[in-house]
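Protein chains in written order, with the numbering used here: chain S, -12 to 100; chain F, 23 to 968.
Backbone N, C-alpha and C fix where the C-beta goes; we use that ideal spot for every residue, glycine too.
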């Protein structure tokens, strides 16, 4: 089970999270100006990269949506960032809570692999 | 049979295959049987060959038992890792009536007809069904008792540590002590109940103490200084981000399962002795040399009087010396030309070939270089195979070490290091030093002296040209000939070899067989061992009971239902409960006859008044300046244009345009709304609102609060509902129709608590949904019943409500809609055609698929056969002879109000086919139905104000 860093709650098991989508997708609107192809692309097409990716995840217990950078092949977690304006970026590797849970900083170690 | 125990046999009674024996405290089932001189402890999987104890721990392939103790039967327990308890009764698996005399023993003579890939070659269409039953009856090992459900008593624990050390042998103990001294939070686990690992049987002095004493002292010191030491605990899997799964056995106490998140993991899991491959190498009495030494040192069991030790390495010499010292006549058959001198009292033959075993049910002689010598035990040592399972599970790669003839970890991986014998450090002093360093140790670690620091292994891989049947995998009955057959039939990849021959696929996971198997395949295909490679290591390292994996999540804890605050009050009224949308709710009241109760409750609601607990209905409060805008985006229907105090019904769509949920939203003010979605969709609706609240809306200007559990909602419905509501004593709240018309909401107080009354109707009759804080729910429920007595009020369960709404054609999202249903399929095309501004799913409503003329549309279905249409039955069209589905029945009931069946369905082009008859087909039966408007009762809605 992976350990994901919620920027607000610290590291938590992945079962507490829900996938929100790939980051950087903008909802095309207004609807009358959007072609069927563009809408279909928004709904159905993803990059699904093997390797590093940026995704939106939801922490189900605090309801916060945030940006998670991770590697889909190694499962290394590269960092997490709040999406709120004016909030400091929090990353797993530098998160004090994460340190308390895993002093060997699994994330940082695996990120470097 | 005479005792093979050097001291007293023991006083713990037990039974095996129906016979009584005695064993000692600390005995495993295997050591107890060996002590009693039992040589045949099981029958092999395929050929039913007699088998004896072969190993001394997790590697054991033969000694599998169905064990009954304290009223609990565990199938397929490994006799070498299961400890003896008084009164245990166990049987050999795969043998009847006993392992010694097995009726299927003759199968061995049919071995020519049971080749590798037997199933693949046998279960061919069309004949397979003829013999499937008989073959299935013969397959498998232990027997499950279908009537016996073990208790759900295994607790799951989550924990974390800085350093997890797997294995409390010399390397592991050194690592754990070093880690603790370095200030780490340390957890040390070992699957044996005693610490020490190989020190428990291999003679050694560590830090001036005998091995077992040093190990015991080390564990005591670790515990005193704050380390967590879990003995009898197997680390069976390593998962993402250094999560270790630990299975802890605690004797008579229930097992425990740990999910341990470790900063660093030291794998010091040791190594396992390898069998030698020669004809009839599976006979009872052939045993791993390391195992025989373990039985001698740990259990005072001497496995034979005349013992041959066959080996290709130095380590078996110390074993031979120990056995000779214990009183056996020992011959070392060294397959090498050179080696250490013969230990005292041991005769030595060098450069011999091992040609076979004499004897069927026990070893009677051993053939060495053409000469048969009398023997009652043949111990084999083909070299050590490091236990690298956990390292490989975590993605570590192996490299072949030509001098040790073993696969070793190629390079460390982040978060894990392998130390000791598991890393090829077979000499004790090397293992201690490496463990010390792995645990962050600096300077010198524990110092050791032992006699067997040399190894000197020479290859002794299986040779194809040898005569007779030579076993590679004992548990799954895979011989060298099967490997050769797989090679001939081109299943040459190790992964194909494994699946084609089942080599390594038994419950021992090939701990003794994998390397010999791939070495044989390498030789047969002219490749090197590293070129041939290993199969993938996957958890679990050893079989783990399902009871441990499942833990307490069984029965009602498997997927716990949400409970109503009024559950006890409903039970007092005789409610029968069922799950609806994750909630346990009254289905009906007062009686086992559900049909009758449902009709009675439905009639009460139509004729007088009924009380319904609607507490699970969503109560999501959306607040802030952007509340209206957020809800407009969330909803298909515009919400913000409501007047304060008014309620609107509408849909929520997914971005694909599909109806996700329906419900009503009340506006309290421009910055305060209450979304009342359906019970099962509350968490989902909260999250979709949160998603858009945080983007693109401004989370500082709109807030979403799920207040569903904080408020209880009790509904009065029926023509008399207003008169009951008026008697409740609601204050600061005008119940008159002018002040509170249909689809309006008023706030007031009830007995000092805030209260809300909403006129929303899911029955089609005048209704009052009255919400109070959950703590007042029981009081309000009692007050309603009291006030309702004069009007014959009945409590109504969910089933009657479902019936009443079906009479009205009110849909249930997810029951009367499916994953393709769009709002215009439900007759709600208005917002699509007229609404400006964005809302979820809008663009999808204009896609080609959404505009198809042949979409399935929501209609009523009037049965023409006097009986209700089966829910799920399909509408069928037979144009051109071939039947084709045109949709299906989504809801169907007997209506007591109309005295006829009512049904709803999604039918192709339904709106334009009102009045048409269609065929309804269900399980081979054809019925007729007429397509009708969805609303079968009071289509003008007069009863809302009656």
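Residues that residue i contacts on chain F, provided the C-beta gap is smaller than 7 Å
i	result
residue 16(S)	860
Rounded separation between residue i and residue j - CA only
i	j	result
residue 359(F)	residue 289(F)	35 Å
residue 396(F)	residue 274(F)	44 Å
residue 788(F)	residue 32(S)	48 Å
residue 22(F)	residue 331(F)	Because chain F here runs from 23 to 968, residue 22(F) falls outside it and cannot be looked at.
residue 819(F)	residue 213(F)	54 Å
residue 716(F)	residue 700(F)	23 Å
residue 961(F)	residue 830(F)	8 Å
residue 556(F)	residue 876(F)	57 Å
residue 917(F)	residue 582(F)	33 Å
residue 811(F)	residue 945(F)	46 Å
residue 471(F)	residue 454(F)	11 Å
residue 351(F)	residue 67(F)	33 Å
residue 864(F)	residue 854(F)	7 Å
residue 79(S)	residue 68(S)	Annotation note: pLDDT 48 at residue 79(S) (below 50); position unreliable, no value reported.
residue 8(S)	residue 43(S)	5 Å
residue 510(F)	residue 870(F)	56 Å
residue 724(F)	residue 697(F)	14 Å
Chain F within 9 Å of residue i, Cβ atoms only
i	result
residue -10(S)	yes
residue 23(S)	yes
residue 71(S)	yes
residue 1(S)	yes
residue 26(S)	yes
residue 104(S)	What the structure shows of chain S is the stretch from -12 to 100, and residue 104(S) is not part of that stretch, so it cannot be assessed.
residue 55(S)	no
Span of the beta strand (DSSP E), counted from its first residue to its last, around residue i
i	result
residue 732(F)	Neither: residue 732(F) is in no beta strand (DSSP E) and is coded neither H nor E.
residue 439(F)	438 to 440
residue 792(F)	789 to 795
residue 34(F)	34 to 38
residue 110(F)	110 to 114
residue 0(S)	-3 to 0
Chain S within 9 Å of residue i, Cβ atoms only
i	result
residue 717(F)	yes
residue 644(F)	no
residue 658(F)	no
residue 652(F)	no
residue 907(F)	no
residue 721(F)	yes
residue 325(F)	no
residue 709(F)	yes
residue 440(F)	no
residue 432(F)	no
residue 726(F)	yes
residue 283(F)	yes
Beta-carbon neighbours of residue i, restricted to chain S and to distances below 7 Å
i	result
residue 210(F)	Near residue 210(F) there are no residues of chain S at all, since even the closest Cβ is about 17 Å away, more than 7 Å.
residue 199(F)	Per Cβ cutoff of 7 Å: no residues; residue 199(F) is ~18 Å from chain S at best.
Chain F contact residues for residue i, given Cβ-Cβ distances below 8 Å
i	result
residue 113(S)	Since the first residue of chain S shown is -12 and the last is 100, residue 113(S) is not available in this structure.
residue 65(S)	Ordered by position in chain F, no residue passes the 8 Å Cβ test against residue 65(S), which lies about 13 Å from the chain.
N-terminal and C-terminal residue of the alpha helix (DSSP H) that residue i is part of
i	result
residue 916(F)	First-last for residue 916(F): 906 to 917, but that is the beta strand (DSSP E), not the alpha helix (DSSP H).
residue 516(F)	516 to 523
residue 652(F)	649 to 656
residue 977(F)	Here chain F covers residues 23 to 968 and nothing more, so residue 977(F) does not appear.
residue 141(F)	140 to 144
residue 823(F)	820 to 830
Chain S residues whose Cβ lies nearer than 9 Å to that of residue i
i	result
residue 870(F)	23
Chain-ordered neighbours of residue i on chain F, where CB pairs are closer than 9 Å
i	result
residue 62(S)	262, 263
task: Taking a Cβ distance cut-off of 9 Å, strictly less, list which residues of the segment 678 to 697 of chain F are near chain S, in chain order.
output: 678
task: Could you name the residues of the segment 262 to 279 of chain F whose beta carbon sits closer than 9 Å to any beta carbon of chain C, in the order they occur along the chain?
output: Going by chain labels, chain C is absent from the structure shown, which instead holds the protein chains S and F.
message: Tell me which residues of the segment 26 to 43 of chain S have at least one Cβ-Cβ distance to chain F shorter than 7 Å, keeping chain order.
response: 26, 30
task: May I ask you to list, following chain order, the residues of the segment 839 to 865 of chain F that have a beta carbon less than 7 Å from some beta carbon of chain S?
output: 860, 864, 865
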